[in-house]
Amino acid sequence: MRQPLIAGNWKMNGSRDSIKTLLDGLKAGIDEVKTAEVAVCAPYVYLADVQSQLSGTPIAWGGQNLSTEEKGAFTGEISASMLLDFGCKFVIVGHSERRSLYGEDDALVARKYAVARTAGLIPILCVGETLEEREKGIMEEVVARQLNAVIDLEGVTALNDGVIAYEPVWAIGTGKTASPEQAQEAHAFIRKLIAEKDASVADKVRIQYGGSMNAGNAAELLAMADIDGGLIGGASLKAEDFLAICKAAG
Ligand code: 13P
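Each residue of the sequence shown is one higher than the one before, counting from 6 in the working numbering.
Structure (structure tokens):
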């Protein structure tokens with residue numbers, strides 16, 4: 006059985022005060038979450054606060070990005086070892102916002118995946134098509150290309166050390182969730198693609214859904230056979246909403 010993973014992606018939101026309130030709320034309710042593994046991915050500058058507030062709780066945390074470099078003259082970058090220094094378990098790689106706004110291509114994302122897993126972080130690899138690509142009927146082609154970049158660089162067994170997040174770009178922050186059937190179709194496609202290379206990796210790898218998942222639609226999405234959790238943006242910023250999603254898993 007794959008344990009569902011519900012991870013919050015706070016993106017560039019929050020302040021020290023609002024994060025304290027959010028984490029107090031999560032800590033107060035986490036005991037009611039029976040099945041899911043729960044994590045939050047915070048802006049770098051708040052990782053120290055998150056670490057001190059979540060240490061000793063069942064809630065894990067992570068970064069939203071990392072550098073491919075270990076150290077040195079890379080102004081503004083953050084390395085895998087720095088994330089580990091603040092107790093991170095996870096790191097998001099290849100989020101569509103990084104792909105589209107910061108020019109991260111498949112090759113760079115694959116290198117980030119490799120660096121993260123080699124360092125001992127669990128990379129959450131985001132894949133997903135834009136609206137234009139979906140309308141052109143090339144969702145599978147796009148998702149396969151994004152996933153194969155990692156498999157080609159690292160081998161399919163590298164997926165044993167990570168998590169995949171299917172995030173259709175048209176559903177992110179738009180309030181337009183993929184229907185459970187649309188999401189399941191994409192997740193099943195991803196699992197089949199991996200199974201063609203290694204059935205046991207495909208069986209074990211967790212595939213999260215992301216894109217306007219909220220307290221109201223989480224249960225029906227999470228009930229689908231190949232949806233093993235969620236990567237949550239907006240709804241992860243309020244403890245009550247995020248906890249409701251965590252409880253809907255499993
Ligand atoms: P929303 O939940 O705000 O649509 O964001 C999803 C996302 O991008 C998570 O990484």
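Glycine included, every Cβ here is placed at the ideal spot set by N, Cα and C.
Computed from a predicted structure; not experimentally measured.
The beta strand (DSSP E) that contains Gln213, what's its start and end?
What you label residue 213 is simply residue 208 of the sequence shown in a count that begins at 1. Run containing Gln213: Ile212 to Gly215, per the beta strand (DSSP E) assignment.
Burial state of Ser217 (16 or more Cβ within 10 Å)
By one-based count along the sequence shown, residue 217 stands at place 212. Its Cβ being crowded by 16 or more others within 10 Å, Ser217 is buried.
C-alpha distance - Ala224 paired with Ile250, whole-angstrom precision
Here residue 224 refers to the residue found at position 219 when the sequence shown is read from its first residue. Here residue 250 refers to the residue found at position 245 when the sequence shown is read from its first residue. If I take the Cα positions, the gap works out to 7 Å.
What residues in its chain sit with their C-beta under 7 Å from that of Ala200, if we drop five residues either side in the sequence?
Here residue 200 refers to the residue found at position 195 of the sequence shown. These residues qualify, in order along the chain: Ala207.
Distance, Cα to Cα, Phe194 vs Val210?
Position 189 of the sequence shown, counted from the first residue, corresponds to residue 194. Position 205 of the sequence shown, counted from the first residue, corresponds to residue 210. The straight-line gap from Cα to Cα measures roughly 13 Å.
What does a CB cutoff of less than 6 Å around Gln8 pick up in its chain, not counting 5 residues either side in sequence?
Counting from one through the sequence shown, the residue named residue 8 turns up at place 3. Cβ within range, chain order: Glu42.
For Arg139 and Pro173, I'd like the C-alpha separation in whole angstroms.
The residue labelled residue 139 in the question sits at position 134 within the sequence shown. The residue labelled residue 173 in the question sits at position 168 within the sequence shown. So the two alpha carbons sit approximately 9 Å from each other.
Report yes or no: do the stretch 129–149 and the stretch 72–92 share at least 3 C-beta pairs separated by less than 8 Å?
no
With a 10 Å radius around its C-beta and 16 neighbouring C-beta atoms as the bar for buried, classify Phe256 as buried or exposed.
The chain is shown only over 6 to 255; residue 256 falls outside these bounds and no answer can be derived.
Checking the sheet assignment: what are the DSSP bridge partners for Leu10?
Residue numbering aside, residue 10 sits at position 5 when the sequence shown is read from its first letter. According to DSSP, which records beta bridges pairwise, Leu10 is partnered with Glu42 and Gly234.
Here's the rule I'm using: 16 or more other beta-carbon atoms within 10 Å means buried, otherwise exposed. How should Met144 be labelled?
The residue you call residue 144 lines up with position 139 of the sequence shown. So Met144 ends up on the buried side.
Distance CB(Asp231)-CB(Gln189) smaller than 8 Å
Here the question's residue 231 lines up with position 226 in the sequence shown. Here the question's residue 189 lines up with position 184 in the sequence shown. Yes, Cβ-Cβ distance for Asp231 and Gln189 is below 8 Å.
Going by DSSP, what residue range makes up the beta strand (DSSP E) through Phe95?
The residue labelled residue 95 in the question sits at position 90 within the sequence shown. Phe95 to Val98 is the span of the beta strand (DSSP E), which, as asked, contains Phe95.
How would you label Asn222, buried or exposed, when you count the other beta carbons within 10 angstroms and need 16 or more for buried?
Residue numbering aside, residue 222 sits at position 217 when the sequence shown is read from its first letter. With 16 or more Cβ atoms within 10 Å of its Cβ, Asn222 is classed as buried.
Closest by CA to Ser60, which one among Asn70, Glu75, Ala44 and Val98?
Here residue 60 is taken as the residue at index 55 of the sequence shown, counted from 1. Checked all of Asn70, Glu75, Ala44 and Val98; the closest Cα to Ser60 is Ala44.
When every heavy atom of the ligand 13P is checked, does at least one fall within less than 7 Å of the C-beta of Glu172?
Position 167 of the sequence shown holds residue 172. Glu172 Cβ: within cutoff of the ligand 13P.
Nearest by alpha-carbon distance to Lys181: which of Gly81, Gly215 and Ala170 is it?
Within the sequence shown, residue 181 is the residue found at index 176, counting from 1. Among Gly81, Gly215 and Ala170, the Cα nearest to that of Lys181 is on Gly215.
Once the 5 residues before and after Leu27 are set aside, which same chain residues still bring their CB inside 6 Å of it?
Within the sequence shown, the letter at position 22 stands for residue 27. Closer than 6 Å at Cβ, skipping near neighbours: Ala244.
Report the partner residues of Pro128 according to the DSSP bridge assignment.
Position 123 of the sequence shown, counted from the start, is the residue given in the question as residue 128. Note: Pro128 sits in a beta bridge opposite Val96.
Please tell me whether, using a cut-off of 7 Å, the distance from the CB of His192 to the nearest non-hydrogen atom of the ligand 13P is below it.
Stepping through the sequence shown from its first residue, residue 192 is reached at position 187. Checking every heavy atom of the ligand 13P against the Cβ of His192, none is found closer than 7 Å.
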